[in-house]
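>
Residue numbers (the numbering used here): 3 to 205.
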């Protein structure tokens, strides 16, 4: 019978002895950093992963060495890859800088447009899209994990978030959960928006 933590959540497994190759310091640093970056409490990770709060705390204090199955559950709760937990740096990205040059704003027939990716394709934390006219991936109802931020640069756009409709003009923005059904469309033939969403691994 599994042990029960003070939170009432069954522990996935008891602490085990140190393995031949001690990966506990690396794992502890990776898990602690990712949890802090996402502002997640031990209780929230425990509840979503099914791994006890006490056992997660033991991992972060280098007193436990969990199985890969347990790490998979913790990684899923934190919306990261299991490999990120084992990197020690919280899965910090490493890629060559990407520079995009300015593009003139184009006019597009109603219902059409073009989207450019401004962020590096190797990036995992977030992606940035620049859209002239209608966004092909947002002119219909969509929903996805993570978060999304939309900034209107030129013109006027109608943003629908579930039952709520917002009219955004140049300089106005909105930040919302990606899981909430949403769609974005320009009200005229000329318009430009900047959309940021992530984490990319989950979208």
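C-beta atoms are modelled at their ideal positions from N, C-alpha and C, and glycine is treated no differently. Computed from a predicted structure; not experimentally measured.
1) Do you know whose CA, among 155, 101, 162, 36, lies nearest residue 82's CA?
2) Measuring only the C-alpha atoms, how far is residue 103 from residue 191?
3) The beta strand (DSSP E) spanning residue 117 covers which residue range?
4) With 16 other CB atoms within 10 Å as the buried threshold, where does residue 134 fall?
5) Give the range of the alpha helix (DSSP H) segment to which residue 51 is assigned.
6) Could you pull out every residue in the same chain whose Cβ sits closer than 8 Å to the Cβ of residue 175, ignoring the five residues on either side in sequence?
7) Can you give me the Cβ contacts of residue 162 inside the same chain, cut-off strictly under 7 Å, excluding the 5 residues immediately before and after it?
8) What is the DSSP secondary structure of residue 150, counted as helix, strand or coil?
9) From the DSSP output, in three-state form, read off residue 160 for me.
10) Using 10 angstroms around the beta-carbon of residue 173, count the other beta-carbons present and answer buried if the total reaches 16, otherwise exposed.
According to the structure data:
1) Counting from one through the chain shown, the residue named residue 82 turns up at place 80. Nearest C-alpha to residue 82: 36.
2) Walking along the chain shown from the start, residue 103 turns up at place 101. Walking along the chain shown from the start, residue 191 turns up at place 189. If I take the Cα positions, the gap works out to 23 Å.
3) Here residue 117 corresponds to residue number 115 of the chain shown, with the count starting at 1. Element bounds for residue 117: 115-119.
4) Indexing the chain shown from 1 puts residue 134 at position 132. The residue in question, residue 134, is buried, as its Cβ has 16 or more Cβ neighbours within 10 Å.
5) For the purposes of this step, residue 51 is taken as residue 49 along the chain shown, with counting starting at 1. Taken as a continuous stretch (DSSP letters only), the alpha helix (DSSP H) holding residue 51 covers 44-51.
6) Taking the first residue of the chain shown as 1, we reach residue 175 at position 173. Excluding positions up to five away in sequence, the list reads 151, 152, 153, 154.
7) On the chain shown, residue 162 is found 160 positions in, with the first residue counted as 1. Counting only Cβ-Cβ distances below 7 Å, and skipping sequence neighbours, we find 184, 185.
8) Looking up residue 150 in the chain shown gives position 148. Of the three classes helix, strand and coil, the one that applies to residue 150 here is strand, per DSSP.
9) By 1-based counting over the chain shown, the position of residue 160 is 158. Three-state result, residue 160: strand.
10) Position 171 of the chain shown holds residue 173. Exposed is the call here.
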